[in-house]
Every structure is written in C-alpha cells, then in structure tokens.
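In the working numbering, the protein residues as written are 2 to 78.
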Amino acid sequence: MSVSVESVLADVMSLPDDAKEDLLERLLADLTARIDPEVKRAQLEVVKRRRDELRSGAVQGIPGEQVLAEARELLKR
Numbered sequence: 002m003s004v005s006v007e008s009v010l011a012d013v014m015s016l017p018d019d020a021k022e023d024l025l026e027r028l029l030a031d032l033t034a035r036i037d038p039e040v041k042r043a044q045l046e047v048v049k050r051r052r053d054e055l056r057s058g059a060v061q062g063i064p065g066e067q068v069l070a071e072a073r074e075l076l077k078r
C-alpha cells in the first residue's frame, strides 16, 4: 500500500498541537540519528567557537530581523 506525502500531511495537520509536536520530535530524532558522528562533532565545534566569539566580543551579532530582511532580498533575485 502506497501512501502519498500529501495524504499523510493532511492527516497530521488535523492532529492536536501536542500530537504534532510529539510527531515532530520523533521525526527529528530519527533523522538526526542518521547523521555521521564526525559531522556532528565538527558542527558542534563550529557552534562552540562561534558562541565563544560572540561572548568574548571578538565578533558582533547581527539582529535577526536584519538577517531575515537580507535573506528575503536575496531570494527575490
């Protein structure tokens, strides 16, 4: 039996929010379990380095609204 993504999505969208959240957590857990541990380690190193740069003042953050506005402009091109 083949079920389309659209059919599954329609069913999911009719669920209560707490059930959607539970489903999302399970899907994310399944997908992240498949990520190569070496890739996870490398990503975590980058995140920690960038966090430390922000905390120390070595770099300055960009406000989220500015980032979103710039991203929207790039997508228009």
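We put the beta carbon where it would ideally sit given N, CA and C, even for glycine.
Keep in mind that this is a model prediction, so the values were computed, not measured.
One question on the structure: do L55 and G62 come within less than 8 Å of each other, judged by their Cβ atoms?
yes
Between K21 and V13, which are expected to be in contact by the criterion C-beta below 8 Å, what is the C-beta distance as a whole number of angstroms?
6 Å
For the alpha helix (DSSP H) that contains Q44, what are its first and last residues?
38–57
Three-state secondary structure (DSSP) at R73?
helix
To the nearest angstrom, report how far apart K41 and V4 are at their CA atoms.
32 Å
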